[in-house]
Amino acid sequence: MRRSLVVLALAGALAMTTAMTPAFAQARTDVKVGLVLEPPSLDPTAEAAAAVDEVLYANVFEGLTRIIADGSVVPALAKSWEISEDGLTYTFHLVEGAKFHDGTDFNADDVKFSLDRINAEGSLNAQKALYASIASVEVVDPATVKLTLKQPDGNLIYNLAWGDAVIVAPESADANKTNPIGTGPFSFKDRVEGDSITLEKNQAYWGTPVALEGATFKFIADPTAAFAALQAGDVDTFPNFPAPETVAQFQNDPRFRVVIGSTEGETILTMNNGKAPLDNVKVREAIAHAIDRQAIIDGAMFGYGTPIGTFLSPANPDYIDLTAQSNYDPEKSKALLAEAGVTDLTLSLKLPPVEGYARRGGEIIASQLAAVGIKTEVTNLEWAQWLSEVFTDKNYDLTIISHTEPNDIGIFARDGYYFQYNNADFKQIIADLAVTADPAKRSELTKAAEKNLADNYAVGFLFELAKVGVENAKLKGMWDNAPTQATDLTGVSWEE
Amino acid sequence: MPSFILGRLVSLVLSLIAASIVIFLVLEVVPGDPAQFMLGLNATPEATAALRTALGLDGPLLERYFTWVLGLLHGDFGISYTYKVPVSGLIADRIWISLPLAIYALALSTLIAFPVGILAAVRRNSATDVGIMGATQVGLAVPNFWFAMLLVLLFSITLRWFSAGGFPGWQDPLLALKALTLPAVALALPQASILARVMRSSLLDTLGEDYIRSARAKGLSQGQTLWRHALRNALIPVLTIIGLQFSFLLAGAIIIENVFFLPGLGRLVFQGITSRDLIVVKSVVMLLVFAVILVTFLVDITYALVDPRLRRATR
């Protein structure tokens, strides 16, 4: 009796040590990703929150097309497509043999259902405006779909790659909010609200299978906690690391790799163009020249960020560097203010709750404006307040905000948008752009739009947000840049 | 006695009604539209309006109040705007972190505070007493989130004994307890300091009473007097403090929950407020109010049981 107990204890101890020692020379097959923001519900077609795509895009859900690491658009559930001469008919040929995670087949009916659902009355799709050009969706055969447009739409293929246009199945669409069912290489396994979301490999995936067996997203909002979680090995990577002040420590540690990449986040000092005296271009120009971009990048962002002079990512091939046009020149700024006849100017500066660019950046901008004689009343708002006061009611003079959607220069053409830019020339350029499919002409128009914004000092253009990623040095295949908000794990693996 | 309990019950119900009205109205006047918050910067006004209707945000005030209260009475806390799952489920999940954490922290603080407080009282004015009082002063002064970070630096980053935070779930109770250990220690330190000081002064008061002298005169040793007479009487104020601390720990662990990214009740409310998930805020705050009122009610009853004078006085 006694001996068997000893044996049992030994066996138990042995089992425990084996379980605890990592298997020798065998690469890990799971990854733990740290994210700052937690997705609200899990349906990318009904949520604007970037966090939804940061977990599910490309991993669980797929669209007809998709955006890859370099920002280009490639086929996904549509293996190819043809566009008619007049640009009004798009015929998509779908991949065959794809299945949703619940085992139902993917076919043309699902595509029709998903696209019709975006444009349906009462639709909750946050990007509904992007798909307004679609007049009808027709199922030609189970593997072919034909889209008829109201007018040519040069952005359609790109817009179909957004997370908001992923293909869902009629049987499971309503439950996607809590139990997302897509066609992607990972399927949803489990969620602990407030803590984590777990994905597992989809064994029946139609395309190239992924190397990982599973992935866990952990939500850690506190910068200090994010630092500790990486250091303690609780997470393997933080693709958007929230504590840039500690990055040097990771750079000096061979266990980690720090990746500084670009994002689609144009950070701007928004000026309310609809409100005097900011409706005067001279005043806006004066403010633009009062701002020292590099001082903000250094002071608020610990040096991470690329100065911009217009509303496009420097990573975009069509980007033109117009920063010189609004260079830091306080003397010119004062002269312009005098010319505009504006004295004793006090402006409200309403800041959203973003510690880095908004709160720290706001202090720096307030002092830079003070140097040219513009007083500011700084108010710190939380998100919901910012959305109602600044974004909806347009009750503000200045605010600092990063617009993180990719290729969103068109928002300056929107009527009633909170910039209140209302520039007829600009609206024409964007209208032309929407109906142009020719790449050369599109590039030309995009550049014209960039110049228009810079010439009219539409807002104060500050810098492009940098993507500061920290990851385990042995982890391979994470995106360096963020051409769209996603944590694409399809190419991720561990070094042996 | 029954009429005393009845009176307390009536006051409990009235407090709950008053609390529900205040909570509901305060959240009504909070600026910010949940629908706009959820759909973000690119949403069309139509989509926002559609969502507002879907969330039931556009009915008359009174109607929405009664829908909410009647729901609560049926145990239906509504559906979270953000997570799209029943609020009762969210609360149920998180209470399994907040409640054990509160109990764990309270147990730790009591285990530390009792011996330390008693020792300080018995060795009054000795070097031990001065040392203990000094240490508890520091314990009170150190903010618990800072202490928590120090714990993480030492035990998670340097020694790697504990993970830096998160909660693995109760499937493996040992792992779960391990995950709660650092947060519990961080929470327990200031509580233990308070408790030890209260223990000491309460015990000193009792030790000065006449009946203690009588007990000693009867021939009881110092230890026997302490255990049989002094400690029992000294416990009353200490228990009151423990009751207060428990409510605080249940709802007030929010900063510690942030440091250790634990999905507890405090963080649920905090996230609910920032993301305008008002249905979650309303229901959780109401639940916490209910818990506090209930604890007060029970304490009242207990006092009345212990002290008959109280029963007559209230009548």
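Taken in sequence, the protein lines are chains R and W.
Numbering-wise (UniProt numbering), the first sequence opens with residue 1 and increments by one.
Numbering-wise (UniProt numbering), the second sequence opens with residue 1 and increments by one.
From the three backbone atoms N, C-alpha and C, an ideal C-beta is built for every residue, glycine too.
Pick from the options: whose alpha carbon is nearest that of residue i?
i, options, result
"W:LEU250", "W:ALA47, W:ARG216, W:VAL85, W:LEU99", "W:LEU99"
"R:GLY303", "R:ASP393, R:GLU464, R:ASN481", "R:GLU464"
"W:ALA179", "W:TYR303, W:ILE97, W:ILE91", "W:ILE97"
"W:VAL26", "W:LEU298, W:LYS282, W:ASP300", "W:LYS282"
"R:TYR105", "R:ALA229, R:GLN251, R:GLY182", "The question names Tyr, but residue 105 of chain R is Asp in the sequence shown. Nearest C-alpha to R:ASP105: R:GLY182."
"R:LEU445", "R:ILE409, R:LYS375, R:GLY34", "R:ILE409"
"R:TRP479", "R:ALA51, R:LEU42, R:PRO39, R:ILE67", "R:ILE67"
"R:SER133", "R:ASP321, R:PHE113, R:THR89, R:ASP174", "R:THR89"
"R:GLU382", "R:ILE365, R:VAL31, R:ILE401, R:SER84", "R:ILE401"
"W:SER247", "W:ALA148, W:ARG8, W:THR296", "W:THR296"
"W:LYS84", "W:SER3, W:ALA49, W:GLY272, W:ALA196", "W:GLY272"
"W:LEU244", "W:ILE103, W:THR274, W:ARG64, W:ILE79", "W:ILE103"
"R:PRO353", "R:THR216, R:VAL378, R:ALA143", "R:VAL378"
Can you give me the start and stop residues for the alpha helix (DSSP H) that residue i sits inside?
i, result
"W:TRP68", "61-73"
"R:ASN452", "439-455"
"R:ASN407", "From DSSP, R:ASN407 is part of no alpha helix (DSSP H); its letter is neither H nor E."
"W:ILE254", "254-259"
"W:PRO183", "173-207"
"R:VAL235", "Careful: R:VAL235 lies outside any alpha helix (DSSP H) and carries neither H nor E."
"R:PHE250", "247-251"
Kindly indicate which three-state DSSP category residue i falls into: helix, strand or coil?
i, result
"R:LEU56", "helix"
"R:VAL281", "helix"
"R:PRO353", "coil"
"R:SER196", "strand"
"R:GLY163", "helix"
"R:VAL342", "coil"
"R:ILE296", "helix"
"R:ALA23", "Annotation note: pLDDT 42 at R:ALA23 (below 50); position unreliable, coordinate value reported separately. R:ALA23: coil per DSSP, three-state reduction."
"W:THR296", "helix"
"R:THR376", "strand"
"R:LEU312", "coil"
"W:LEU262", "coil"
"R:LEU398", "strand"
"R:ARG66", "strand"
"R:HIS403", "strand"
"R:SER72", "coil"
"R:TRP479", "coil"
May I ask which residues mark the beginning and end of the beta strand (DSSP E) holding residue i?
i, result
"R:TYR90", "89-94"
"R:GLY261", "256-271"
"W:VAL116", "Not the beta strand (DSSP E): W:VAL116 falls in the alpha helix (DSSP H), residues 87-122."
"R:ASN472", "460-472"
"R:VAL31", "30-35"
Enumerate in chain order the residues of its own chain whose CB-to-CB distance from residue i is below 7 Å, with the five nearest sequence positions on each side excluded.
i, result
"R:GLY460", "ILE268, LEU269, MET271, ILE287, ALA288, ILE291"
"W:GLU257", "GLY264, GLY266, ARG267"
"W:LEU150", "none"
"R:ALA300", "GLY356, TYR357, ARG360, GLY361, ILE364"
"W:LEU204", "ALA121, ARG124"
Closest Cβ-Cβ distance between residue i and chain A: below 8 Å?
i, result
"W:PHE37", "Here chain A cannot be found, since the structure's protein chains are R and W."
Less than 6 Å between C-beta atoms, sequence neighbours within five positions excluded: which residues of the same chain meet that for residue i?
i, result
"R:ASN472", "ASP236"
"R:LYS146", "THR91, GLU138, VAL140"
"R:ALA449", "ILE409, ILE429"
"W:LEU175", "PRO168"
"R:ASN380", "LEU351"
"R:ALA165", "GLY63"
"R:GLY163", "PRO44, ASP53, TYR57"
"R:PHE311", "GLU266, ILE409, LEU453"
"R:SER80", "HIS93"
"R:GLY261", "LYS467, ASP480, ASN481"
"R:VAL435", "GLN151, PRO152"
Could you name the residues of the same chain whose beta carbon sits closer than 8 Å to that of residue i, not counting the 5 residues immediately before and after it, in chain order?
i, result
"R:ASN179", "LEU42, SER172, PHE188"
"R:PRO22", "Bear in mind that the predicted position of R:PRO22 carries a pLDDT of just 45, short of 50, making it unreliable; the figure below should be weighed with that in mind. Hits under 8 Å: ARG28."
"R:GLU195", "The displayed chain sequence assigns Asp, not Glu, to residue 195 of chain R. Closer than 8 Å at the Cβ level, and outside the excluded window around R:ASP195, lie LYS218, PHE219."
"W:THR240", "VAL299"
| request: Evaluate the contact criterion for the region 89-96 of chain W versus the region 261-276 of chain W: three or more CB pairs, one atom per stretch, below 8 Å. | output: yes
| said: Between the region 64-83 of chain R and the region 474-489 of chain R, can you find at least three pairs of beta-carbon atoms closer than 8 Å? | reply: yes
| query | Can you find at least 3 beta carbon pairs, one from the region 371-380 of chain R and one from the region 323-336 of chain R, that sit closer than 8 Å? | reply | yes
| At least three beta-carbon pairs within less than 8 Å, the region 61-72 of chain W to the region 413-427 of chain R | no
| Should the region 211-229 of chain W be called in touch with the region 129-139 of chain W, which here means at least 3 C-beta pairs below 8 Å? | no
| query | Is the number of C-beta pairs between the region 198-207 of chain W and the region 156-168 of chain W that are closer than 8 Å three or more? | reply | no
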